[in-house]
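Student:
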Amino acid sequence: MSEWLVLAAAMAAACAVVLVITLLRQHRLHRAGTPDEEDGAETPDVLEYMTMMVGVVYAIVLGLAIAGVWEARSAAQDDVRREAQALHEVTQRAQVYPVRVQQRIRTDIDRYVSHVVHQEWPRMVENKELPDRGAQLLGTVRADIAERAPADELEAQAYQPLLDQVAVADDARNARAQNAGATLPGVVWFGLITGALVTVGLIFTLQIGGTSRELLLAGLFSALIAFLLFLVWDFDAPFGRSGSESADAFRQLFASAAGKG
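The numbering of the sequence shown is numbering that gives the first Met the number 0, which starts it at 0 and goes up by one.
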């Protein structure tokens, strides 16, 4: 299901819940012969204060959750850019080697990049794990450099920096593997969903629904809560929930990542 469909369904469901509860409440009052304005006593000031405080506390918690998942997604994208840039540096600095060696290094890097974008990325997004094949291909790139003794002074100067760049790419790959899963634990999601239900439920203690304006505001408020929860859910996947758009850093630097695998 598309993320936009999920958002639309969540917001529509939130508005529908408020509308149904309000209509049921009004129907109960009409069957009992009690006018809306006589439905219980006027809302106590302490109840209004507690409703406001619950809303404020939940807004703070929700804001922290959004900030946390956004920071985690930004860090994950930084790791992707670091991995892609390190491999690109290897292809550029390999120019000091003979043409045959250059071609072998670039071919192995292209093979790794193509595997990452076209095969590894969908599995990482769906199963939250990285297959071993990518690590093997990156090990081949390291072996291309490490197992060849420098033939002259220029190659000797480039030897260690090239290995360092491969090490940077390997470290970024390991960080990508660690960040493949969801950011928020289940207990946090329990708190966010429960808080949303409590916050939306408390607005019914304020005797809303007497006018269409109150009903509209209640529906918009619940839709806003649903939208913010959707943001948390969407950002909770550091590399997205569908496709491989988060691998654009590889596509920008390597032609092998642009086409189909």
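Ideal placement from N, C-alpha and C gives every residue a C-beta, glycine not left out. In this text the structure is predicted, and so the values were computed from the model without any measurement.
(1) Spatial neighbours of E37 within its chain, please: C-beta separation below 7 Å, excluding the five flanking residues on both sides.
(2) Would you mind working out which of A145, R141, P121 sits nearest D107, comparing C-alpha positions?
(3) In whole angstroms, what separates the C-alpha of P97 from that of D109?
(4) Helix, strand or coil, according to DSSP, for Y57 in the structure here?
(5) With burial defined as no fewer than 16 other Cβ atoms inside 10 Å of the residue's Cβ, what is the status of S73: buried or exposed?
(6) Work out the CA separation of E154 and G67 for me, nearest whole Å.
(7) Near A85, which residues of its chain fall below 8 Å by C-beta distance, leaving aside the five closest residues on each side in sequence?
(8) Just curious, the alpha helix (DSSP H) that A142 is in, first and last residue?
(9) Please return the same chain residues whose Cβ sits closer than 6 Å to the Cβ of G39, not counting the five positions on each side in sequence.
(10) Inspect the CB distances between the region 108 to 122 and the region 239 to 257 and report whether three or more fall short of 8 Å.
(11) Among the residues of its own chain, which have a CB less than 6 Å from the CB of I202, if the five just before and after it don't count?
(12) Sorted by chain position, which residues of the same chain lie with C-beta nearer than 6 Å to P237's C-beta, five sequence neighbours on each side aside?
(13) Within its chain, find whatever has a CB closer than 8 Å to the CB of Q94; leave out the 5 residues flanking it on each side and keep chain order.
(14) Between the C-alpha atoms of S221 and A145, what's the straight-line distance to the nearest angstrom?
(15) Go ahead and label D35 buried or exposed: buried means 16 or more other beta carbons lie within 10 angstroms of its beta carbon, across all protein chains shown.
(16) Check the C-beta distance from A225 over to M10 and give it rounded, since I have them as a contact under 8 Å.
(17) Based on Cα-Cα distance, which residue from R240, L227, R175 lies nearest to V79?
(18) For the alpha helix (DSSP H) holding T106, just list the boundary residues, first then last.
(19) At the level of alpha carbons, what is the spacing between T90 and P149?
(20) To the nearest angstrom, how far is it from the Cα of G133 to the Cα of P160?
(21) Give me, in chain order, the residues of the same chain whose beta-carbon lies closer than 7 Å to that of C14; leave out the 5 immediate sequence neighbours on both sides.
(22) In angstroms with no decimal places, state the Cα-to-Cα distance between G62 and Y48.
(23) Measuring CB to CB, does V187 end up less than 9 Å from Y57?
(24) Can you name the start and end residues of the alpha helix (DSSP H) that F253 belongs to?
Tutor: Judging by the given coordinates:
(1) Reading the sequence shown from its first residue, position 38 is the one you call residue 37. Confidence at E37 is low in this model, with a pLDDT of 44, below 50, so the placement of that residue is unreliable and no value is reported for it.
(2) Here residue 107 corresponds to residue number 108 of the sequence shown, with the count starting at 1. Among A145, R141, P121, the Cα nearest to that of D107 is on R141.
(3) Within the sequence shown, numbered from 1, the residue matching residue 97 stands at position 98. Within the sequence shown, numbered from 1, the residue matching residue 109 stands at position 110. Each residue's Cα considered, the two are about 18 Å apart.
(4) The residue you call residue 57 lines up with position 58 of the sequence shown. Residue state, collapsed to three classes: helix.
(5) Taking the sequence shown and counting its residues from 1, the one referred to as residue 73 is at position 74. Exposed, since its Cβ has fewer than 16 Cβ neighbours within 10 Å.
(6) The residue given as residue 67 occupies position 68 in the sequence shown. The residue given as residue 154 occupies position 155 in the sequence shown. Computed Cα separation, rounded: 45 Å.
(7) Taking the first residue of the sequence shown as position 1, residue 85 is located at position 86. Hits under 8 Å: Q164, V165, V167, A168, A171.
(8) Taking the first residue of the sequence shown as position 1, residue 142 is located at position 143. Where A142 is concerned, the enclosing alpha helix (DSSP H) stretches over 131 to 145.
(9) For the purposes of this step, residue 39 is identified with residue 40 of the sequence shown, where counting begins at 1. Low confidence applies here, because G39 scores a pLDDT of 45, under 50, leaving its location unreliable; read the following figure in that light. Hits under 6 Å: none found.
(10) yes
(11) If you number the sequence shown from 1, residue 202 lands on position 203. Hits under 6 Å: A217.
(12) If you number the sequence shown from 1, residue 237 lands on position 238. Closer than 6 Å at the Cβ level, and outside the excluded window around P237, lie A71, R72, A75, N178.
(13) For the purposes of this step, residue 94 is identified with residue 95 of the sequence shown, where counting begins at 1. Cβ neighbours of Q94 beyond the five flanking positions: Q101.
(14) Mapped onto the sequence shown, residue 221 falls at position 222. Mapped onto the sequence shown, residue 145 falls at position 146. If I take the Cα positions, the gap works out to 59 Å.
(15) Walking along the sequence shown from the start, residue 35 turns up at place 36. Confidence at D35 is low in this model, with a pLDDT of 49, below 50, so its placement is unreliable and no value can be given for it.
(16) Counted from its first residue, the sequence shown places residue 225 at position 226. Counted from its first residue, the sequence shown places residue 10 at position 11. Between M10 and A225 the Cβ distance is about 5 Å, and since that is below 8 Å, they are a contact.
(17) Locating residue 79 in the sequence shown gives position 80, where the first residue counts as 1. Nearest option by C-alpha distance: R175.
(18) Translated into positions along the sequence shown, residue 106 becomes position 107. Its alpha helix (DSSP H) spans residues 98 to 114.
(19) Position 91 of the sequence shown, counting from 1, holds the residue named residue 90. Position 150 of the sequence shown, counting from 1, holds the residue named residue 149. The straight-line gap from Cα to Cα measures roughly 17 Å.
(20) In the sequence shown, the residue the question calls residue 133 occupies position 134. In the sequence shown, the residue the question calls residue 160 occupies position 161. Cα-Cα distance, rounded: 22 Å.
(21) Translated into the one-based positions of the sequence shown, residue 14 becomes position 15. If we look at C14 and ignore the five residues flanking it on each side, its Cβ neighbours are G218, S221, A222.
(22) Working through the sequence shown from its first residue, we reach residue 62 at position 63. Working through the sequence shown from its first residue, we reach residue 48 at position 49. In a straight line, the C-alpha of G62 is about 21 Å away from that of Y48.
(23) Counted from its first residue, the sequence shown places residue 187 at position 188. Counted from its first residue, the sequence shown places residue 57 at position 58. Result no, Cβ atoms of V187 and Y57 do not sit closer than 9 Å.
(24) To locate residue 253, count along the sequence shown from 1; it is residue 254. Premise fails: F253 is in no alpha helix (DSSP H) and is neither H nor E.
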